[in-house]
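For reference, the structure is listed below as structure tokens.
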């Protein structure tokens with residue numbers, strides 16, 4: 001299907017799927033060692049890169065799902081990093097829950113959906 005663009009695909013998933021003007025980024029985890037702040041910061045930096053590959057950025061976020069290994073222990077630490085990263089004037093909808101993640105060292109996984117930036121249209125400027 002040419003109306004759906006899949007990027008960074010393998011036999012299990014596509015890291016990025018673009019349909020129309022909507023960008024879906026699969027769950028992003030961290031390769032960083034350390035606690036929730038380090039892992040959240042790393043995951044959000046990866047998300048910045050994936051959004052850029054898809055022609056958008058965090059100012060265009062629509063929806064975010066955050067999965068924490070231990071919500072009681074890590075919610076405040078994750079939220080502190082989120083507050084540094086997220087744009088107050090462009091907050092998406094968001095859900096945060098506790099989940100058993102794919103590996104014991106993982107503390108956070110983040111899934112985002114965003115709108116693509118409008119295409120820049122160049123050409124002659126009409127004078128009125």
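Residue numbers (my numbering): 1 to 128.
Cβ atoms here follow ideal geometry from the backbone N, Cα and C, with glycine treated the same way.
Just so you know, these numbers come straight off a predicted model, no measurement behind them.
Excluding five sequence neighbours on each side, which residues of the same chain lie with their C-beta closer than 6 Å to the C-beta of residue i?
| i | result |
| --- | --- |
| residue 32 | 38, 39, 42 |
| residue 77 | 36, 37 |
| residue 106 | 29 |
| residue 27 | 109, 111 |
| residue 57 | 51 |
| residue 81 | 37, 40, 41 |
In or out: residue i buried (at least 16 other Cβ within 10 Å) or exposed?
| i | result |
| --- | --- |
| residue 1 | Here the model assigns residue 1 a pLDDT of 49, short of 50, so the residue's position is not dependable and the matter cannot be decided. |
| residue 93 | exposed |
| residue 13 | exposed |
Nearest-angstrom Cα distance between residue i and residue j?
| i | j | result |
| --- | --- | --- |
| residue 73 | residue 86 | 21 Å |
| residue 29 | residue 53 | 18 Å |
| residue 117 | residue 34 | 34 Å |
| residue 115 | residue 89 | 15 Å |
| residue 127 | residue 20 | Its pLDDT being 48, under 50, residue 127 is placed unreliably by the model, and nothing is read from it. |
| residue 44 | residue 103 | 19 Å |
| residue 79 | residue 10 | 31 Å |
| residue 64 | residue 91 | 10 Å |
| residue 98 | residue 55 | 31 Å |
| residue 59 | residue 83 | 14 Å |
| residue 71 | residue 6 | 32 Å |
Do residue j and residue i come within 8 Å of each other at the CB atom, strictly closer than that value?
| i | j | result |
| --- | --- | --- |
| residue 113 | residue 24 | yes |
| residue 8 | residue 18 | no |
| residue 47 | residue 4 | no |
| residue 66 | residue 22 | no |
Near residue i, what residues of its chain come up, given a Cβ to Cβ distance below 8 Å and the 5 sequence neighbours on each side ignored?
| i | result |
| --- | --- |
| residue 100 | 69 |
What are the uninterrupted segments assigned as beta strand (DSSP E) that are 3 or more residues long and contained completely in the segment 54-85, given in chain order? Counting only unbroken stretches of 3 or more residues, the beta strand (DSSP E) elements lying wholly within the segment 54-85 are 61-68, in sequence order.
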